[in-house]
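Participant: Residue numbers (the working numbering), protein chains in the order written: chain A, 1 to 161; chain B, 1001 to 1161. All C-beta atoms in this analysis are idealised placements derived from N, C-alpha and C, irrespective of residue type, glycine included.
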DNA sequence: GTGGCATTGTTATCTTATAACACTCACGAC
DNA sequence: GTCGTGAGTGTTATAAGATAACAATGCCAC
Ligand SMILES: [Zn+2]
Ligand SMILES: [Zn+2]
Ligand SMILES: [Zn+2]
Ligand SMILES: [Zn+2]
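(1) Leaving aside the five residues before and after residue 1108(B) along the sequence, list all residues of the same chain whose C-beta is less than 6 Å from its C-beta, in chain order.
(2) Answer yes or no: the CB of residue 15(A) versus the heavy atoms of ligand 1, is any distance below 6 Å?
(3) Check residue 151(A) in the structure and name its three-state DSSP category.
(4) 7 Å is my cut-off, CB to CB: does residue 92(A) come that close to chain B?
(5) Tell me whether residue 143(A) sits in a helix, a strand or coil according to DSSP, three-state version.
(6) Could you tell me the alpha carbon to alpha carbon distance between residue 1105(B) and residue 1089(B), rounded to whole angstroms?
(7) Buried or exposed: residue 119(A), going by 16 or more other Cβ atoms within 10 Å of its Cβ?
(8) If contacts are defined as beta-carbon pairs under 8 Å, then residue 1151(B) and residue 140(A) qualify, I think. What distance do you get, rounded to the angstrom?
(9) Taking residue 1126(B) as the query, report the chain A residues whose CB atoms sit under 8 Å from its CB, ordered along the chain.
(10) Grouping DSSP H, G and I as helix and E and B as strand, with all else coil, what is residue 82(A)?
(11) State yes or no: is the beta carbon of residue 1151(B) nearer than 7 Å to at least one beta carbon in chain A?
(12) Starting from residue 1157(B), find everything on chain A with Cβ-Cβ shorter than 8 Å and list it in chain order.
(13) Beta-carbon within less than 7 Å of residue 1041(B)'s beta-carbon, same chain only, minus the 5 sequence neighbours each way: which residues are those?
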């Protein structure tokens, strides 16, 4: 299936990124990242832990949370606040030839389908600009925004109405 | 102090809104709403519970969560996903003469200061429009967005840089 | 080798949220 | 009257998400 090469590529990208930055994508962190990428939708820490235990019986909550913290710091994954779940960063791992330093913390938004749970990361400049303007108007500086848009994806929207 | 009349007014608005809708703002729900409004920043469910116990020793987690669920459904409060906390809805309770039906679920965004925790609700049409456009471009319909903008408020931005 | 430093293991605990069931009370049907 | 019925609340227990604290390992520099 195409997912395999897709994930391999993403993991290789992650590896390269970490080497460039002089940080270690250890086997544990790599495994957690792989599990996040293999999930079809954002996945919670304890679901990850369950799966991780298959190959690492010693895993405990701190095991997975520390790996997730690392991946978040490196911008390899994002956290979905509404879902208490995590997903891979499209920008960092499916690279559209962007500046890699940028991937550390780039403006992004999520489209979450309330029908099937499918979630997509986007990076909409108009949204980002409007938010920056609104923050400035409110006297806020150095804004970083959590934007999670919940609706029906094309597939679910066509099936239901 | 002016806070007292401010809160009284907000509670009276809530009362009127509930009567119009044929739902009950019971003493318990009213107490929880009052505590949310009295807090200077978004407040968590268990902090509310602690304060609620002062007047209602029998209160337990479901007590406060059920009241919060009601207040959320009626649009009298909002939930801040990043903080796991709640605050009063400026639009519904400090009424700018908007349509009251609108208050049930209106577009809104939050400005959260990472310095002092002060949080402000805004309703920025440009942000809302940009989000609606981005969602449509992604094939998503009926979008409702969680927008939480974290930065430094004017006070904290002036003190630190 | 010894002293840091990063990583992982291990145990315990904390915070946030919900499930499940019992009880009361108000209201209308009969 | 009394018998549902339903909304609201009380009560107990548990699920789900996250972190604190300390020990053990492995690696590299000196
Ligand atoms: Zn991303
Ligand atoms: Zn869908
Ligand atoms: Zn509001
Ligand atoms: Zn501030």
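Facilitator: On the basis of the supplied data:
(1) Position 108 of the second chain, counted from the first residue, corresponds to residue 1108(B). Counting only Cβ-Cβ distances below 6 Å, and skipping sequence neighbours, we find 1121, 1123.
(2) On the first chain, residue 15(A) is found 15 positions in, with the first residue counted as 1. Residue 15(A) Cβ: outside cutoff for every heavy atom of ligand 1.
(3) Position 151 of the first chain, counted from the first residue, corresponds to residue 151(A). Of the three classes helix, strand and coil, the one that applies to residue 151(A) here is strand, per DSSP.
(4) If you number the first chain from 1, residue 92(A) lands on position 92. Against chain B, the CB of residue 92(A) has no partner CB under 7 Å away; the residue lies outside that interface.
(5) Position 143 of the first chain, counted from the first residue, corresponds to residue 143(A). Note: residue 143(A) maps to strand in three-state DSSP.
(6) Taking the first residue of the second chain as 1, we reach residue 1105(B) at position 105. Taking the first residue of the second chain as 1, we reach residue 1089(B) at position 89. If you take the alpha carbons of residue 1105(B) and residue 1089(B), they lie about 10 Å apart.
(7) Position 119 of the first chain holds residue 119(A). Counting C-beta atoms within 10 angstroms of its own C-beta, residue 119(A) has 16 or more neighbours from the protein chains shown and is therefore classed as buried.
(8) Working through the second chain from its first residue, we reach residue 1151(B) at position 151. Working through the first chain from its first residue, we reach residue 140(A) at position 140. The beta-carbon distance between residue 1151(B) and residue 140(A), rounded to whole angstroms, is 4 Å. This is short enough to meet the 8 Å contact definition.
(9) The residue you call residue 1126(B) lines up with position 126 of the second chain. Those are 130, 133, 134, listed as they occur along chain A.
(10) Here residue 82(A) is taken as the residue at index 82 of the first chain, counted from 1. Coil at residue 82(A), not helix or strand.
(11) As a working mapping, residue 1151(B) is identified with position 151 in the second chain. Any Cβ of chain A closer than 7 Å to the Cβ of residue 1151(B) would place that residue at the interface, and such an atom is present.
(12) Taking the first residue of the second chain as position 1, residue 1157(B) is located at position 157. Close partners of residue 1157(B) in chain A (Cβ separation under 8 Å): 139, 140, 141, 142.
(13) Counted from its first residue, the second chain places residue 1041(B) at position 41. Answer for residue 1041(B): 1117, 1118, 1119, listed in chain order.
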